[in-house]
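Novice: Dumping the structure here so I can ask a few things about it.
In the working numbering, the protein residues as written are -19 to 130.
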């Protein structure tokens, strides 16, 4: 899993998004969405739940996200995720100033989800790990370790 710029993270799913977009639909009907790291919770074994409330958000990106969520829930689309992790600025910390946090983005291709709830404001996504990708990742790490030892 590598840190990406937001546009590159969307592109890794073969989808184009606007500069500050939160979501986009792929050509094969999957929803790709950017989610804040802090919104994830472990729901049960092998399931991650993400919850967010869009109340009060009226900008174009929020409107597009609502439309994508409505489409995904009505068409039972699969959901792909980009995790946004806020990073503090070390220069701001040492100077005692608060600057807006810069986010780092990670395309989590090992997670596949569905919209389990959406009421126009609040939404819930549930993600499961894709076992084939988990196994492939484990094998590639093992091969890399073997190469390092030889």
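Positions of the beta carbon are idealized from the N, C-alpha and C atoms, including for glycine. For clarity, every value in this text was computed on a predicted model and none was experimentally measured.
State the Cα-Cα distance for the pair residue -15 and residue 60, rounded to the nearest angstrom.
Specialist: Taking the first residue of the chain shown as 1, we reach residue -15 at position 5. Taking the first residue of the chain shown as 1, we reach residue 60 at position 80. Straight-line Cα distance between these residues: approximately 16 Å.
Novice: Along the chain, which unbroken stretches of the alpha helix (DSSP H) at least 4 residues long are found entirely within the stretch 6 to 56?
Specialist: 40 to 54
Novice: Would DSSP call residue -3 helix, strand or coil?
Specialist: For the purposes of this step, residue -3 is identified with residue 17 of the chain shown, where counting begins at 1. Of the three classes helix, strand and coil, the one that applies to residue -3 here is coil, per DSSP.
Novice: Taking the C-alpha atoms as reference points, what is the distance between residue 98 and residue 35?
Specialist: Numbered from its first residue, the chain shown carries residue 98 at position 118. Numbered from its first residue, the chain shown carries residue 35 at position 55. If I take the Cα positions, the gap works out to 12 Å.
Novice: I'd like to know if the stretch 89 to 97 and the stretch 47 to 56 are in contact, where contact means that at least 3 CB-CB pairs between them fall below 8 Å.
Specialist: yes
Novice: How big is the Cα-Cα spacing for residue 0 and residue 111?
Specialist: In the chain shown, residue 0 corresponds to position 20, counting from 1. In the chain shown, residue 111 corresponds to position 131, counting from 1. Whole-angstrom Cα-Cα distance: 31 Å.
Novice: What span of residues does the alpha helix (DSSP H) with residue -12 cover, start to end?
Specialist: The residue given as residue -12 occupies position 8 in the chain shown. Element bounds for residue -12: -14 to -9.
Novice: Would you mind working out which of 19, -18, 92 and 65 sits nearest residue 10, comparing C-alpha positions?
Specialist: Reading the chain shown from its first residue, position 30 is the one you call residue 10. Residue 10 has its Cα closest to that of 92, out of 19, -18, 92 and 65.
Novice: Can you say whether residue 24 is buried or exposed, counting buried as having 16 or more other CB atoms within 10 angstroms of its CB?
Specialist: Taking the first residue of the chain shown as 1, we reach residue 24 at position 44. Residue 24 is exposed by the Cβ-count criterion.
Novice: Between 2, 57 and 28, which has its C-alpha nearest residue 40's C-alpha?
Specialist: Counted from its first residue, the chain shown places residue 40 at position 60. Measuring from the Cα of residue 40, the nearest candidate turns out to be 2.
Novice: Cβ of residue -8 within 8 Å of Cβ of residue 87?
Specialist: Position 12 of the chain shown holds residue -8. Position 107 of the chain shown holds residue 87. Taking 8 Å as the Cβ cut-off, residue -8 and residue 87 qualify as a contacting pair.
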